[in-house]
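Asks:
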Amino acid sequence: MEFKQGDRVSIEKNGTVYEGKVMPSMEGYITIKMKSGYNAGFSTDRVRITRLESNGEEGPKNGKGVKECKAGGEPPAGAGKILPKVAILSTGGTIASKIDYRTGAVTSQFTADDILAAIPELKEIADFKGRVISSILSENMDSDSWQNLAKAVVEEIEAGADGVIITHGTDTMMYSAAALSFMIETPVPIVFVGSQRSADRPSSDNAMNAICAALVAISDIAEVSLVMHGTTSDDYCEIHRGTKVRKMHTSRRDAFKSVNSLPIGTVDYNTREITTIVDYTKRGEKSLKFKPGMEAKCALVKFTPGADPAVLDYYINAGYRGLVLEGTGLGHVSTKWIPMLRKAVDAKMPVVVTSQCLNGRICDRVYDTGRDMLKAGAVEGEDTLPETALVKLMWVLGQTDDFEKAVEMLKNDLSGEITECTLK
Ligand code: ASP
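If you want our numbering, it's the 1-based position in the sequence shown plus 203.
(1) Go ahead and pull the three-state DSSP assignment for L617.
(2) Identify every residue that forms a DSSP beta bridge with Y439.
(3) State the DSSP-derived secondary structure class of G534, mapped to helix, strand or coil.
(4) Relative to the C-alpha of T219, which residue among R211, K326, Y483, D330 is closest?
(5) Beta-carbon distances below 5 angstroms to any heavy atom of ligand 1 define the shell here; list its residues in chain order, please.
(6) Should I328 be listed as close to ligand 2, given that the test is whether its C-beta is under 6 angstroms from any heavy atom?
(7) How many whole angstroms separate the CB atoms of K184 and A381, which I take to be in contact at a CB cut-off of 8 angstroms?
(8) Using the beta-carbon count (16 or more within 10 Å), is T375 buried or exposed?
(9) For K332 and A299, which I take to be in contact (beta-carbon distance under 8 angstroms), what is that distance rounded to the nearest angstrom?
(10) With a threshold of 6 angstroms on Cβ separation, who are the neighbours of G487 within its own chain once the five nearest residues in sequence on each side are excluded?
(11) Should the segment 425-438 be called in touch with the segment 457-470, which here means at least 3 C-beta pairs below 8 angstroms?
(12) Here's a check: name, in chain order, each residue in its chain whose Cβ is nearer than 8 angstroms to the Cβ of M612, leaving out the five neighbours to either side.
(13) Measuring CB to CB, does A413 end up less than 7 angstroms from I322?
(14) DSSP state of F385, grouped into three classes?
(15) For T474 and N463, what's the separation of their Cα atoms in angstroms?
(16) May I ask you to report which of helix, strand or coil DSSP gives F313?
(17) Between the alpha carbons of S407 and E215, how many angstroms are there, rounded?
(18) If you reduce the DSSP assignment to three classes, tell me which class F245 lands in.
(19) Out of curiosity, what's the CA-to-CA distance linking F206 and T622?
(20) Which residues does DSSP list as the beta-bridge partners of Y221?
(21) With a 10 Å radius around its C-beta and 16 neighbouring C-beta atoms as the bar for buried, classify E426 as buried or exposed.
(22) Have a look at S422 and V556 and give me their C-alpha separation to the nearest angstrom.
(23) In terms of alpha-carbon separation, which member of L352, A308, V367, A579 lies closest to A329?
(24) In whole angstroms, what is the alpha-carbon distance linking S558 and R564?
(25) Could you tell me how far apart the beta carbons of V548 and G580 are, in whole angstroms, since I believe they sit closer than 8 angstroms?
(26) Excluding the 5 residues flanking M543 on each side, which residues of the same chain have their C-beta closer than 7 angstroms to its C-beta?
(27) Which class does M612 belong to by DSSP, given the choice of helix, strand or coil?
(28) For L561, which residues from the same chain have a beta carbon less than 6 angstroms from its beta carbon, with the 5 sequence-adjacent residues on both sides left out?
(29) In whole angstroms, what separates the C-alpha of L429 from that of I519?
(30) Cβ atoms of P392 and I424: under 7 angstroms apart, would you say?
(31) Whole angstroms is fine: what's the gap from T247's alpha carbon to P495's?
(32) Where F245 and G525 are concerned, what is the direct C-alpha to C-alpha distance, given to the nearest angstrom?
(33) Alpha carbon to alpha carbon, how far is E620 from R254? Give it in angstroms, no decimals.
(34) Can the beta-carbon of G296 be found less than 7 angstroms from the beta-carbon of G397?
(35) Measuring straight from C-alpha to C-alpha, what distance separates V357 and E607?
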């Protein structure tokens with residue numbers, strides 16, 4: 204290798220110079236940590252690398268005896284051809300974060316343009332336009348944030364974007380992805396991406412996730428999807444459907460998993476190839492439709508053994524318009540909860556039942572309690588994830604005030620949230 208870990212180097216690529224310290228890098232690549240705290244990765248055959256300072260173990264120091272890797276003989280990918288237009292909307296989260304050394308906490312500090320500057324390889328994939336929607340951690344998102352985000356996405360598609368990337372905190376990314384899945388019928392890919400480790404950590408997943416997301420944004424997959432590491436290695440990302448995905452680990456880079464469905468496909472980080480696994484909506488198959496409207500007064504309630512049914516009474520009296528229950532097993536609450544469930548339905552509040560098992564399908568026809576829940580008017584959420592069921596309920600009640608119509612909509616698959624045959 205012409206450079207080693209810890210060296211301070213400058214890297215020239217397409218006329219732009221990037222400076223930073225060499226991080227552990229894969230064969231054929233160089234990753235540097237820049238002053239901004241962001242990591243940037245380059246393929247060594249496409250750049251000119253100049254060592255400014257050695258890490259002291261060997262080799263020249265302070266720019267004397269500069270060593271260079273070969274500059275790429277071929278023009279950079281993308282040179283001379285018209286690249287697809289991709290809008291990148293930043294909302295905050297770890298992908299836009301670094302450690303604030305005053306407080307020691309990780310905070311959102313980067314905009315969409317900072318992310319583009321820090322991951323120069325993105326510019327070989329598409330012609331990007333950055334736009335800041337917010338700079339918040341995703342635990343601070345709410346249904347108004349989802350609607351603002353959806354509106355911005357629609358504006359970008361109307362303005363001619365061939366794809367849209369949304370950088371987002373991972374904690375609630377699946378709620379936002381589900382919300383946009385219900386609100387927007389899209390002719391182009393809408394891709395959510397985040398990172399589990401902030402940019403200033405050597406193990407940050409920001410660059411690989413962003414590059415894979417960009418490849419999906421210019422692909423044929425015209426759905427709302429979520430693209431994140433598929434394994435703990437830097438080998439491939441998975442493309443998850445926005446209504447079928449869940450964060451399943453607090454810290455692992457491959458925290459997101461499709462539940463009750465296979466992922467739409469994968470993106471190989473090395474070959475940059477997308478392999479699709481299930482059917483998906485193709486680019487241009489649908490025309491753009493925006494259906495905003497979200498009822499915030501809905502709740503997701505987890506039933507636990509011995510839980511007081513008065514919990515439901517609270518929501519009824521507080522004017523909530525609908526409830527999702529996270530029941531046990533096939534979708535149960537205790538017998539004591541059933542009169543209260545009936546009271547909610549009598550008050551024209553749809554009650555949707557999901558399972559805290561997450562995997563599998565609701566079936567309230569097997570046991571007495573389930574049958575009584577159905578008699579009381581509960582709607583089976585089939586194999587919908589509880590969080591997706593909540594977002595769906597909020598969206599449905601944002602579309603109609605008619606209880607019967609809402610129940611009908613809730614029973615149907617609207618955006619891939621209910622699959623016909625759940626995987627065993
Ligand atoms: N708490 C952060 C958020 O969801 C975590 C992350 O971005 O990964 O915004």
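Glycine included, each C-beta is placed from N, C-alpha and C at the ideal position.
Replies: For this structure:
(1) For the purposes of this step, residue 617 is taken as residue 414 along the sequence shown, with counting starting at 1. Three-state DSSP puts L617 in coil, outside helix and strand.
(2) As a position in the sequence shown, residue 439 is number 236, starting the count at 1. Y439 is bridged to D471.
(3) Here residue 534 corresponds to residue number 331 of the sequence shown, with the count starting at 1. Correct three-state label for G534: coil.
(4) Locating residue 219 in the sequence shown gives position 16, counting from the first residue. For T219, the nearest C-alpha among the options comes from K326.
(5) G296, T297, L340, S341, G372, T373, D374
(6) This structure lacks ligand 2; its bound ligands are ligand 1.
(7) There is no way to answer for residue 184, as the model of the chain reaches only from 204 to 627.
(8) In the sequence shown, counting from the first residue as 1, residue 375 sits at position 172. Counting Cβ neighbours within 10 Å, T375 comes out buried, since at least 16 surround it.
(9) Mapped onto the sequence shown, residue 332 falls at position 129. Mapped onto the sequence shown, residue 299 falls at position 96. With 8 angstroms as the limit, K332 and A299 do not qualify as a contact, their Cβ atoms being about 17 angstroms apart.
(10) Here residue 487 corresponds to residue number 284 of the sequence shown, with the count starting at 1. Cβ neighbours of G487 beyond the five flanking positions: P390.
(11) yes
(12) For this step, residue 612 is matched to residue 409 along the sequence shown. Cβ neighbours of M612 beyond the five flanking positions: V599, Q602, T603.
(13) Taking the first residue of the sequence shown as position 1, residue 413 is located at position 210. Taking the first residue of the sequence shown as position 1, residue 322 is located at position 119. Against a cut-off of 7 angstroms, the Cβ pair of I322 and A413 comes out as a contact.
(14) Counting from one through the sequence shown, the residue named residue 385 turns up at place 182. DSSP places F385 in helix when its eight states are reduced to three.
(15) Reading the sequence shown from its first residue, position 271 is the one you call residue 474. Reading the sequence shown from its first residue, position 260 is the one you call residue 463. The C-alpha of N463 is placed about 28 angstroms away from the C-alpha of T474.
(16) Within the sequence shown, numbered from 1, the residue matching residue 313 stands at position 110. If DSSP states are grouped into helix, strand and coil, F313 belongs with coil.
(17) To locate residue 407, count along the sequence shown from 1; it is residue 204. To locate residue 215, count along the sequence shown from 1; it is residue 12. Rounded to the nearest angstrom, the two C-alpha atoms are 23 angstroms apart.
(18) Here residue 245 refers to the residue found at position 42 when the sequence shown is read from its first residue. The answer is strand: DSSP assigns F245 an E or B state.
(19) As a working mapping, residue 206 is identified with position 3 in the sequence shown. As a working mapping, residue 622 is identified with position 419 in the sequence shown. Roughly 51 angstroms separates the two Cα atoms.
(20) What you label residue 221 is simply residue 18 of the sequence shown in a count that begins at 1. DSSP, once it has assigned bridges, lists I214 as partnering Y221.
(21) The sequence position of residue 426 within the sequence shown is 223, counting from 1. Classification of E426: buried, given that the 10 Å Cβ count is 16 or more.
(22) Here the question's residue 422 lines up with position 219 in the sequence shown. Here the question's residue 556 lines up with position 353 in the sequence shown. Cα-Cα distance, rounded: 36 angstroms.
(23) Indexing the sequence shown from 1 puts residue 329 at position 126. Of all alpha-carbon atoms in L352, A308, V367, A579, the one lying nearest the alpha-carbon of A329 is that of V367.
(24) Here the question's residue 558 lines up with position 355 in the sequence shown. Here the question's residue 564 lines up with position 361 in the sequence shown. Straight-line Cα distance between these residues: approximately 8 angstroms.
(25) Here residue 548 refers to the residue found at position 345 when the sequence shown is read from its first residue. Here residue 580 refers to the residue found at position 377 when the sequence shown is read from its first residue. Rounded, the Cβ-Cβ distance is 3 angstroms, consistent with contact.
(26) Residue numbering aside, residue 543 sits at position 340 when the sequence shown is read from its first letter. The residues are P512, L515, D516.
(27) Walking along the sequence shown from the start, residue 612 turns up at place 409. Looking at M612 - three-state DSSP - the assignment turns out to be helix.
(28) As a position in the sequence shown, residue 561 is number 358, starting the count at 1. Cβ neighbours of L561 beyond the five flanking positions: V462.
(29) By one-based count along the sequence shown, residue 429 stands at place 226. By one-based count along the sequence shown, residue 519 stands at place 316. Cα-Cα distance, rounded: 34 angstroms.
(30) Taking the sequence shown and counting its residues from 1, one reaches residue 424 at position 221. Taking the sequence shown and counting its residues from 1, one reaches residue 392 at position 189. Their beta carbons are under 7 angstroms apart, which means I424 touches P392 by this criterion.
(31) Looking up residue 247 in the sequence shown gives position 44. Looking up residue 495 in the sequence shown gives position 292. Taking the straight line from one Cα to the other gives about 46 angstroms.
(32) Residue numbering aside, residue 245 sits at position 42 when the sequence shown is read from its first letter. Residue numbering aside, residue 525 sits at position 322 when the sequence shown is read from its first letter. Cα-Cα distance, rounded: 50 angstroms.
(33) If you number the sequence shown from 1, residue 254 lands on position 51. If you number the sequence shown from 1, residue 620 lands on position 417. Looking at the two C-alpha atoms, the distance is approximately 52 angstroms.
(34) What you label residue 296 is simply residue 93 of the sequence shown in a count that begins at 1. What you label residue 397 is simply residue 194 of the sequence shown in a count that begins at 1. Going by C-beta atoms, G296 is nearer than 7 angstroms to G397.
(35) As a working note, residue 357 is residue 154 in the sequence shown. As a working note, residue 607 is residue 404 in the sequence shown. Per the coordinates, the alpha-carbon of V357 lies some 30 angstroms from the alpha-carbon of E607.
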